[in-house]
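Engineer: Residue numbers (my numbering): 2 to 497. One structure, pasted below without further comment.
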């Protein structure tokens with residue numbers, strides 16, 4: 002075998018490769034090249050360029066070639082000239098000369114027009130992020146034109162935003178580098194549940210309102226509003242009233258609608274009702290009293306009105322004046338006086354003065370006195386000249402004064418099988434029990450402790466007994482030996 006220097010190899014082999022320079026692709030090892038190529042100096046090259054036949058001898062590149070020296074070694078094959086007994090030893094020099102004479106190759110020219118092997122093929126990708134390109138620097142060298150990293154964080158990946166610019170649904174955060182390949186939004190605020198950048202104090206969908214029947218809902222501007230709660234009625238309670246507080250009422254509309262004690266309904270106050278003739282309005286005279294020019298007539302109902310019938314002479318005072326009353330009839334603003342003759346006239350004597358409210362009768366108290374079921378209201382003069390109570394607290398659901406922590410009648414107990422009831426003083430509610438199943442839990446049992454049951458695993462025919470388990474359910478207790486007859490457990494033995 003003969004070994005040649007790099008210079009000889011360039012002349013013999015690489016020159017022949019000049020016509021295929023365009024096929025020299027970058028590589029890291031032989032596996033990245035085609036089957037007929039080897040990876041040399043980072044480029045795939047045809048192996049025919051590196052190995053040729055000169056006079057039947059193999060031409061290879063040895064370690065000595067790296068030093069630029071020529072090293073001729075004997076071949077261990079049949080063609081080994083150094084061991085040939087027929088004076089083939091002298092042919093070694095001749096064969097070497099013959100190789101150079103017999104090889105007809107063209108000079109090697111690289112892609113940049115020079116003779117050196119290039120570091121990479123011009124036009125191939127290069128650089129830290131693969132965004133650069135190899136370009137010819139000289140005829141025998143290339144240079145990587147690399148634009149550098151792709152993002153502002155010093156990496157090659159495409160990032161979601163430019164560091165330092167606003168981010169988040171509400172644009173109140175800033176993008177910041179998270180390593181070299183990503184960014185994170187620091188301090189950004191997401192939209193609220195209504196799709197806006199407003200802090201909501203309430204949870205959308207939660208109950209709201211004075212009566213707790215409304216729900217928080219989104220407004221058009223992304224805020225929250227309580228919708229669907231009617232609020233307290235005119236009497237300060239939750240519930241719809243039948244009528245309007247202060248409205249007229251009664252058969253003739255002379256009464257006034259006021260709040261009932263429960264605050265859930267209205268009642269008619271001071272309804273005068275119909276007059277003595279069954280109609281509405283003031284009569285011209287009181288039916289049954291005298292009337293006429295001399296007071297001989299009598300007021301009589303004619304339908305819903307009164308008419309004077311049967312006048313029979315002078316009045317009771319000896320005159321002929323027409324009186325609406327007879328002697329002794331009640332009179333005065335409060336009706337506690339009496340009609341008395343004054344000559345031929347009737348006058349009222351003995352009537353009492355009006356009370357402090359401008360009405361008649363004993364008020365039973367004074368304006369400003371405490372009133373109401375709980376004594377928290379105050380008396381005031383009403384339009385009828387009497388006293389009315391205003392501002393008083395109503396009794397709670399337990400019939401006492403004071404707020405309750407919860408309404409009676411609600412469920413309670415460990416299994417929600419008991420009921421909240423009022424305490425004796427009506428100021429609180431307590432749970433009236435702690436009902437559970439007989440095993441101390443809340444689950445529904447399939448039987449009762451002590452009932453017979455079928456033992457599992459015996460295919461029927463074995464009977465056990467139900468007993469409470471530690472988890473509050475029933476389990477079937479059985480004897481695990483066939484000799485036990487009825488199948489019940491002996492003490493301390495259990496089969497489930």
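Glycine is no exception: its CB is placed at the ideal position from the N, C-alpha and C atoms. In this text the structure is predicted, and so the values were computed from the model without any measurement.
Which residues in the same chain as residue 179 place their Cβ atom closer than 6 Å to its Cβ, once the five residues preceding and following it in sequence are excluded?
Structural biologist: 185, listed in sequence order.
Engineer: On the criterion of 16 or more Cβ atoms from any shown chain inside 10 Å, does residue 240 qualify as buried, or is it exposed?
Structural biologist: Its Cβ having fewer than 16 others within 10 Å, residue 240 is exposed.
Engineer: Cβ atoms of residue 410 and residue 391: under 8 Å apart, would you say?
Structural biologist: Result no, Cβ atoms of residue 391 and residue 410 do not sit closer than 8 Å.
Engineer: Tell me whether the beta-carbon of residue 361 lies closer than 8 Å to the beta-carbon of residue 388.
Structural biologist: The answer is no: Cβ separation not under 8 Å.
Engineer: Look up residue 249 in the DSSP assignment and give the residues it is bridged to.
Structural biologist: 257.
Engineer: Return the CA-CA distance between residue 98 and residue 113, expressed in angstroms with no decimal places.
Structural biologist: For residue 98, the pLDDT reaches just 41, beneath the cut-off of 50, and the residue's location in the model is therefore unreliable, leaving the point undetermined.
Engineer: Would the segment 292 to 311 count as touching the segment 260 to 268 if we require 3 or more Cβ pairs under 8 Å?
Structural biologist: These segments do not touch.
Engineer: Measuring CA to CA, which of 171, 125, 287 and 31 is closest to residue 1?
Structural biologist: Only positions 2 to 497 of the chain appear in the structure, and residue 1 is not among them; the question remains open.
Engineer: What does residue 46 pair with, by DSSP beta-bridge criteria?
Structural biologist: Residue 46 is bridged to 39.
Engineer: Could you spell out where the beta strand (DSSP E) holding residue 381 opens and where it closes?
Structural biologist: Per DSSP, residue 381 belongs to the beta strand (DSSP E) from 378 to 382.
Engineer: Under 8 Å, with one C-beta from each stretch per pair, do the segment 277 to 291 and the segment 310 to 328 reach the 3-pair mark?
Structural biologist: Cβ pair count under 8 Å is three or more, so yes.
Engineer: Does the separation of the CB atoms of residue 123 and residue 137 fall below 8 Å?
Structural biologist: In contact: residue 123 and residue 137 (Cβ atoms closer than 8 Å).
Engineer: Assign residue 31 to one of three DSSP states: helix, strand, or coil.
Structural biologist: DSSP places residue 31 in helix when its eight states are reduced to three.
Engineer: Buried or exposed: residue 111, going by 16 or more other Cβ atoms within 10 Å of its Cβ?
Structural biologist: It counts as buried.
Engineer: By DSSP's criteria, residue 325 is part of a beta bridge. Which residues make up the other side?
Structural biologist: Its beta-bridge partners do not exist; DSSP assigns none.
Engineer: Could you tell me whether the Cβ atoms of residue 447 and residue 475 are closer together than 8 Å?
Structural biologist: Closer than 8 Å, so yes.
Engineer: With respect to the beta strand (DSSP E) encompassing residue 342, which residues constitute its N-terminal and C-terminal limits?
Structural biologist: Looking at the DSSP string, the run of the beta strand (DSSP E) that includes residue 342 is 338 to 343.
Engineer: Grab me the residues of residue 228's own chain with a C-beta within less than 7 Å of its C-beta, minus the 5 sequence neighbours each way, in chain order.
Structural biologist: Closer than 7 Å at the Cβ level, and outside the excluded window around residue 228, lie 215, 216 and 218.
Engineer: Take residue 402 as the anchor and find which of 340, 301 and 262 has the nearest alpha-carbon.
Structural biologist: Of the candidates 340, 301 and 262, the one whose C-alpha sits nearest the C-alpha of residue 402 is 262.
Engineer: With a cut-off of 8 Å, do at least 3 Cβ pairs link the segment 467 to 474 to the segment 439 to 456?
Structural biologist: Flag = yes, the segment 467 to 474 and the segment 439 to 456 touch.
Engineer: Using only alpha-carbon positions, find the residue among 318, 382, 347 and 321 that is nearest to residue 363.
Structural biologist: When only C-alpha atoms are compared, the closest one is 382.
Engineer: What is the DSSP secondary structure of residue 22, counted as helix, strand or coil?
Structural biologist: Any reading at residue 22 needs caution, since the residue's pLDDT is 40, under 50, leaving its predicted position unreliable; the model's value is listed next. Helix.
Engineer: Report the three-state DSSP secondary structure of residue 299 (helix, strand or coil).
Structural biologist: Here residue 299 sits in strand by DSSP.
Engineer: Thinking C-alpha only, which one of 39, 207 and 135 is nearest residue 225?
Structural biologist: Measuring from the Cα of residue 225, the nearest candidate turns out to be 207.
Engineer: Between which two residues does the beta strand (DSSP E) holding residue 348 run?
Structural biologist: Looking at the DSSP string, the run of the beta strand (DSSP E) that includes residue 348 is 346 to 350.
Engineer: According to DSSP, is residue 310 helix, strand or coil?
Structural biologist: Correct three-state label for residue 310: strand.
Engineer: How close, in whole Å, do the beta carbons of residue 477 and residue 454 come, if the pair is a contact with beta carbons under 8 Å?
Structural biologist: Contact holds; Cβ gap of about 4 Å.
Engineer: Between 183, 146 and 157, which has its C-alpha nearest residue 164's C-alpha?
Structural biologist: Minimum Cα distance to residue 164 is reached at 183.
Engineer: DSSP state of residue 138, grouped into three classes?
Structural biologist: Here residue 138 sits in strand by DSSP.
Engineer: Please determine if the segment 334 to 352 and the segment 364 to 376 are in contact, where contact requires at least 3 C-beta pairs separated by less than 8 Å.
Structural biologist: They do not touch, by the three-pair rule.
Engineer: Among 441, 442, 440 and 465, which one has its Cα closest to the Cα of residue 452?
Structural biologist: Out of 441, 442, 440 and 465, 465 has the C-alpha closest to the C-alpha of residue 452.
Engineer: Would you mind sorting residue 354 into buried or exposed? The rule is 16 or more other CB atoms within 10 Å of its CB.
Structural biologist: That one is exposed.
Engineer: Residue 374 and residue 395: beta carbons closer than 8 Å?
Structural biologist: Cβ distance < 8 Å, so residue 374 and residue 395 count as in contact.
Engineer: Measure the CB-CB distance between residue 162 and residue 181 and report whether it falls below 8 Å.
Structural biologist: Cβ atoms of residue 162 and residue 181: not closer than 8 Å.
Engineer: Which first and last residues belong to the beta strand (DSSP E) in which residue 454 is found?
Structural biologist: That run of the beta strand (DSSP E) goes 453 to 455.
Engineer: Does DSSP put residue 267 in a helix, in a strand, or in coil?
Structural biologist: It is a strand residue.
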